[in-house]
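Numbering (the numbering used here), first residue to last: 88 to 389.
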């Protein structure tokens, strides 16, 4: 059975596993991703060597990373993996491993993994939203990721959802619609009894706490507006939402209600269909590796 090395390269850790041709993960492990550029690259190479020793030969290496990834493997940006800005990770890893290497943006990887093994199997044109520290996105057209002319397609976190004339960045989807930079940060601004996770804010809101309820309502409003914008811009079959927050049924219910409420309040689009909001099936950490491997397999086949 064919085997591939899947890597989820994050700001704090390098998660890696063997991924077979059917998307099954095994031999999972993790190393630190902190430190300067050379330290991160050495740890990444150690991860590949460790898996090679444990699980035998591989046909290629697939890496999911945040930021803008060019077709040639150059990380124009690397999101929260600051040491790897302007690094051609594909060239480095191919030289070290002598294997085919594919580097993919993490939100793209999550979205295409849902096409392979998740809730998007029957969709051909859909939009993905990865709700994590920030808000990542992906555009799938005719079953393939649309990367755009500068590999920036799907960077929905940079879109402006609310006006902030003091700091424009604070009006972006990253700071309004992302679970950590948005919901959690906004809640903790107004209380001495801070929450440590977005899920804690949702639970407090569901428990009747007024502040949590108000912040969650505002958060859903910001996110719902951008979902409607995406629906009008791309006319997708569905918007697939990934991230741990999407596993909370109460949250998904509130978000759906707010999307419907806003759309029905606008005469110009009130009669149009509301986009299907679908919670991802796969855990986003697994999906990052699975989706990157899927992209590698398609490239090898071509």
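Using N, Cα and C, we set each Cβ at its ideal position, and we do this for glycine too.
Is the CB-CB distance between residue i and residue j below 8 Å?
i: residue 174; j: residue 162; result: yes
i: residue 331; j: residue 217; result: no
i: residue 200; j: residue 377; result: yes
i: residue 221; j: residue 367; result: no
i: residue 193; j: residue 151; result: yes
i: residue 429; j: residue 255; result: The first residue shown for the chain is 88 and the last is 389, placing residue 429 beyond what the model contains.
i: residue 235; j: residue 224; result: no
i: residue 285; j: residue 298; result: no
i: residue 191; j: residue 379; result: yes
i: residue 170; j: residue 124; result: yes
Hey, out of the options, whose CA is closest to residue i's CA?
i: residue 97; options: 139, 219 and 187; result: 219
i: residue 103; options: 264, 384, 367 and 375; result: 375
i: residue 399; options: 364, 190, 339 and 279; result: Look at the range of the chain in this structure, 88 to 389, and you will see that residue 399 is not part of it.
i: residue 283; options: 296, 293, 295 and 267; result: 267
i: residue 246; options: 178, 191, 189 and 320; result: 320
i: residue 172; options: 160, 181, 212 and 334; result: 160
i: residue 262; options: 184, 243 and 211; result: 243
i: residue 198; options: 299, 235 and 211; result: 211
i: residue 183; options: 120, 202, 169 and 136; result: 136
i: residue 322; options: 342, 359 and 298; result: 359
i: residue 237; options: 155, 202, 176 and 265; result: 155
i: residue 399; options: 106, 105 and 308; result: Given a span of 88 to 389 for the chain in the structure shown, any question on residue 399 remains unanswerable.
i: residue 293; options: 209, 337, 253 and 125; result: 337
i: residue 118; options: 105, 94 and 106; result: 94
Expressed to the nearest angstrom, what Euclidean distance is found between the alpha-carbon atoms of residue i and residue j?
i: residue 166; j: residue 231; result: 23 Å
i: residue 108; j: residue 140; result: 19 Å
i: residue 145; j: residue 355; result: 54 Å
i: residue 189; j: residue 277; result: 43 Å
i: residue 328; j: residue 138; result: 31 Å
i: residue 153; j: residue 164; result: 8 Å
i: residue 290; j: residue 213; result: 30 Å
i: residue 157; j: residue 296; result: 45 Å
i: residue 382; j: residue 369; result: 17 Å
i: residue 349; j: residue 339; result: 15 Å
i: residue 250; j: residue 314; result: 17 Å
i: residue 114; j: residue 351; result: 49 Å
i: residue 384; j: residue 89; result: 10 Å
i: residue 265; j: residue 132; result: 31 Å
i: residue 196; j: residue 228; result: 14 Å
i: residue 334; j: residue 373; result: 15 Å
i: residue 274; j: residue 361; result: 29 Å
i: residue 301; j: residue 252; result: 23 Å
i: residue 310; j: residue 353; result: 17 Å
i: residue 202; j: residue 143; result: 28 Å
i: residue 106; j: residue 116; result: 12 Å
Could you round the C-beta distance between residue i and residue j to whole angstroms and report it? I think they count as a contact, below 8 Å.
i: residue 130; j: residue 92; result: Wrong, their Cβ atoms sit about 14 Å apart, outside the cutoff.
i: residue 226; j: residue 207; result: About 12 Å separates the two Cβ atoms, so there is no contact after all.
i: residue 326; j: residue 303; result: Residue 326 to residue 303, Cβ: 19 Å. No contact.
i: residue 127; j: residue 134; result: So it is not a contact: roughly 11 Å between Cβ atoms.
i: residue 306; j: residue 281; result: So it is not a contact: roughly 16 Å between Cβ atoms.
On the DSSP bridge list, what partners appear for residue i?
i: residue 325; result: 363
i: residue 117; result: 102
i: residue 189; result: 149
i: residue 277; result: According to DSSP, which records beta bridges pairwise, residue 277 is partnered with nothing at all.
i: residue 91; result: 106
i: residue 226; result: 214
i: residue 156; result: 162
i: residue 174; result: 162
i: residue 232; result: 227
i: residue 112; result: 106
i: residue 96; result: 101 and 152
Would the beta-carbon of residue i be found less than 7 Å away from any heavy atom of the ligand ADP?
i: residue 358; result: Among the components modelled here there is no ligand, and therefore nothing to report on the ligand ADP.
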